[in-house]
């Protein structure tokens, strides 16, 4: 015998039996195999026997380095003998069954599927094709098909599709042959072109002949047929064919039959497959209509309710939920217009853009329901949605947005405006030219000390509890009230809500008045009222309101009756309870009730607000303990969706009663019978447009659009009264726009109780259960989505109970911070200014609404008017800060509040900071948006943080003049050392920064650049690096320094590119909480936000220390070292984020090295130690003192690390 030519694996003898047989088979090539089929038959039969009886045989044939598979496939292609073919097919089946995925991959890579298809074509040419051969071929094709992505195309090109479909037609009663044919058909149908072709050949009708009602027989066959049908129906053409064939009711009947009779749930895969068929059919409009006509909503709803008790049936419930949501009729919002309820006519409108389109639309063209066949609901909003998947999608889209033009990544060389135009801004920088001659520094110190009534408490999350700040107990506070203002209301001529203010009316006395005023009162706005308020106390009503404007008035907050008072009230003048105002002076040194009202009077709003919200009037004292993230209950979203579906199925159970509507001029509060809650949002920063009572204790709420816009719904702030104690109420905000929210990941809404405030606990608290955020059935108009069709609104739902009778409660998206609050705080800071502080408040410009945009200058006074001290004063580096360009990001104002209070503090750290820098601060860039309750825009209807490239002085005055200030500084060679714009982020946790880096942008975009192009100072990373080490809430892992094209008009990018500020940042603060560091698992509060603002100042001190110790030429090396000293930060996955103001981005820089910086904090340590021994504990934040005193701990135990 000749020696075989077979290559062998090391360790396998060449004369092994398998190798000998393979060598013999290889010799029978070409004509010899055709002439001597008996030899081939015997050899293949022996090989098959060896493989079936000896496990090592298959390993020898498929071992690496052998050519056994090649010989087998070559013989299969050459032979024409049916028995030999069957033997080889059985050999392949055994080999591929034992070897699983790897062997199938080898088979496909060697062209095995093409060989099988050729044999199938040849076998079909026979007059009576061998049934056994067809069975083996299809069994093998079904086994290898999923591994060959091109099998469908090969089958179509060779004509194998028709062979398989014809074989199915002829063998409907032959289950043995039918099963592999259906398995192959399922593989073929994965190709959409094949699916269409098979549909034309009658495959849909065939499948419905095979898919039978419930039976215990042939369940495997039925399961494969259902899967094949599901694959076929992914084609919209086939889905249309199924609808036209009236198969939708058939599918529903089949599903209902299997649901009812499969009581032991042994065939859930078949039920799930039938739901998959329904899901694919309802991807088209005709399918959804047929589904609804066949009463599919009721069938799936009832069957799903029956499945809820069995956890293993959740896949069926989720699939049913998706189908029902998809088929839920799309409705428009129950509003007369999606434009804002408030009108502000712009004098100047740019010729292009969304505002121009809004103004150019005819009145009748507003909100339309788009009947779109585009179905973006192919992915379920199930309980198991993962944040990581969404983040991956987001990162993929961000890569497309990265700036790839290298020229745009370099600062502009040519000034954008001539200096002559900018000289007018010199008046905002008088400190740079002031010589302080004739200024009495001693008298200044004395007067400043006299003005400082009490020390400023620097914000810190470790602030002692109010009981420690003041020795008075809550009981003492609740029984010691400031003088209560008089309430003046108007006499009702009729039952209308608009009253005549010339007469004074007293509300009817309510039993609860002996303990508490009804809820509110009117704040006196002139001296006469202030003098008489002690002599003539009046009963209280809701809400606080201003003088001289027609207003509504409410009776007792908790009871029924008319909203406009009652007869006989005048007999009780002087007997009613007065408003009990808690004495919060000790708890809130920067809050003054009378001063706040004074500021409200000066504030101009588009709706001409006449009321003051209690939380803004009383103030907010942060809770002494942190509030944990809410644990999401399993199935909560699904249950809410089913309740929405129940509305459609049982419409008679729905009240659909409007109880509040801003679109009703003059009287948005609709008179009720006392069985409904009362709502109100007519106060500064309020936002609630409409409230509809759906069930007895459930309300749909609709938010108002930004003025001169038809979208931007997220911020809410409204009042509720008339509640019942202990009753669970559900609130659904039904016109949210973002595709996901932190409400799905532990965030709760905020509630403020007036009863609690009067009892000495004036504070916002996190509240709400069963919170979730999901897509609803209200269609967004393509007019509001920039032309995109098929978009829907989202619902944010929460449930809560109320603890007090006759209470008035407020709900808010985040801690409110109004424009009037800002003015009050600034006034108090100025009045309590410690000695030696240079503080100046300028009006930068007037807004479109006639409010002042304020500019603050903060630094330390020079030690004297000597030339050296004046020179040092003028040459201090500048820090430029801004905040609140987006009205709904109230957390930015709380961070700014922390920064301002630290700057105005008496600690040695604050004094050092003022002596080191001159601060230019615009604390609120969008006063009009804040005042009028907008979420994103100003009165121009535009996002001001997208106008920095080319701001219009008429439409965007605050941005235009703020940018001009920076341009002036650039012209005078006084470019700020740091620019930071404070923002809030609604879909990420922690606090983090976005900066600008040429290098990191190039790295992420993979654009070609020369080494000269990539020269860059690493200074931009220093500040966030420091913050990551001292601020518990700050996450370096969430920071990004990539420049995106879509952000080229933002403050961060424009100040970096046009002004030349290397350290130009956006600092984002979460509205939810933290998933790393010390605050991991907790929701963020005002203490943490103010602490972040204070720690930003401490970071500037460290930055100053670094730049002061080293000359400028060594700054790069120093900050390069700093980048390498980041202790390990293990960040938990952050939450879902898409098109936020500043998107998330994966940081490509390694920050894992340990710190070995030994000397950068020496002087600051001494300063902190001095403060710790010489100042009161309340003056310096405990957290900051620790971080400054314990440098070793700072290096080795970073507060941002998580485990």
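In my numbering, the protein residues as written are 107 to 1309. Positions of the beta carbon are idealized from the N, C-alpha and C atoms, including for glycine.
- Here residue 1020 has 943, 964, 965, 966, 1009 as same chain residues with Cβ atoms under 7 Å from its own Cβ, once five neighbours each way along the sequence are excluded.
- A buried status is given to residue 534, since no fewer than 16 other beta-carbon atoms sit within 10 Å of its beta-carbon.
- In the structure shown, the three-state DSSP call for residue 1012 is coil.
- Within the same chain, Cβ atoms closer than 7 Å to the Cβ of residue 404 are found at 755, the five residues on either side in sequence being excluded.
- Residue ranges of uninterrupted alpha helix (DSSP H) with 4 or more members, entirely inside the segment 1134-1160 and ordered along the chain, are 1157-1160.
- In summary, residue 767 is buried, with 16 or more beta-carbon neighbours lying within 10 Å of its beta-carbon over all protein chains present.
- The three-state secondary structure of residue 1110, taken from DSSP, is helix.
- One alpha carbon belongs to residue 543, the other to residue 976, and they sit about 10 Å apart.
- When secondary structure is reduced to three states using DSSP, residue 870 falls in the strand class.
- In the DSSP annotation of this structure, the continuous segment of the beta strand (DSSP E) that includes residue 1170 starts and ends at 1169-1176.
- Residue 953 is classed as buried because its beta carbon has at least 16 other beta carbons within 10 Å across all chains shown.
- With a minimum length of 3 residues, the unbroken runs of beta strand (DSSP E) contained wholly in the segment 872-953 fall at 875-885, 898-906, 914-918, 943-952.
- Listed in chain order, the non-local C-beta contacts of residue 414 below 7 Å within the same chain comprise 423, local neighbours out to five positions each way being set aside.
- Taking C-beta separations shorter than 7 Å and ignoring five residues to either side along the sequence, the partners of residue 832 in its chain run 907, following chain order.
- Proximity of the segment 924-936 to the segment 789-808 meets the contact definition, three or more beta-carbon pairs being nearer than 8 Å.
- With contacts defined by Cβ atoms closer than 9 Å, residue 1083 and residue 983 form a contacting pair.
- Within its own chain, the residues whose Cβ lies closer than 7 Å to the Cβ of residue 517, once the five positions on either side in sequence are excluded, are 1163, 1166, listed in chain order.
- The beta-bridge partner set that DSSP reports for residue 766 consists of 775, 797.
- Taking a C-beta distance under 9 Å as the contact criterion, residue 262 and residue 305 do not qualify as a contact pair.
- Distance from the Cα of residue 197 is smallest, within the candidate group 184, 745, 152, for 152.
- Check the Cα spacing between residue 295 and each of 274, 336, 283, 321: the tightest is with 336.
- For the 9 Å CB-CB criterion, residue 293 and residue 239 do not form a contact.
- In chain order, 1140, 1205 place their CB closer than 6 Å to the CB of residue 1133, counting only its own chain and leaving out the 5 sequence neighbours on each side.
- Residue state for residue 814 is assigned as coil, using DSSP reduced to three classes.
- Here residue 858 is not near residue 872, since their CB atoms are 9 Å or more apart.
- Around the C-beta of residue 541, fewer than 16 other C-beta atoms lie within 10 Å, and the residue is accordingly described as exposed.
- By the CB criterion at 9 Å, residue 784 and residue 765 fall inside the cutoff.
- When beta bridges are read from the DSSP output, residue 1164 appears opposite no residue.
- Between the C-alpha atoms of residue 188 and residue 144 there is a straight-line separation of about 11 Å.
- Between the segment 1190-1198 and the segment 995-1004 there are three or more inter-stretch CB-CB distances shorter than 8 Å, so the stretches are counted as touching.
- Residue 186 and residue 428 have their C-alpha atoms some 52 Å from each other.
- Of the candidates 163, 970, 334, 190, 163 places its Cα closest to the Cα of residue 200.
- For residue 1149, the closest alpha carbon among the candidates 1066, 1099, 1187, 1176 is that of 1099.
- Beta-bridge pairing by DSSP links residue 734 to 1188.
- DSSP places residue 447 outside any alpha helix (DSSP H), giving it a letter other than H or E.
- For the 9 Å CB-CB criterion, residue 920 and residue 1006 do not form a contact.
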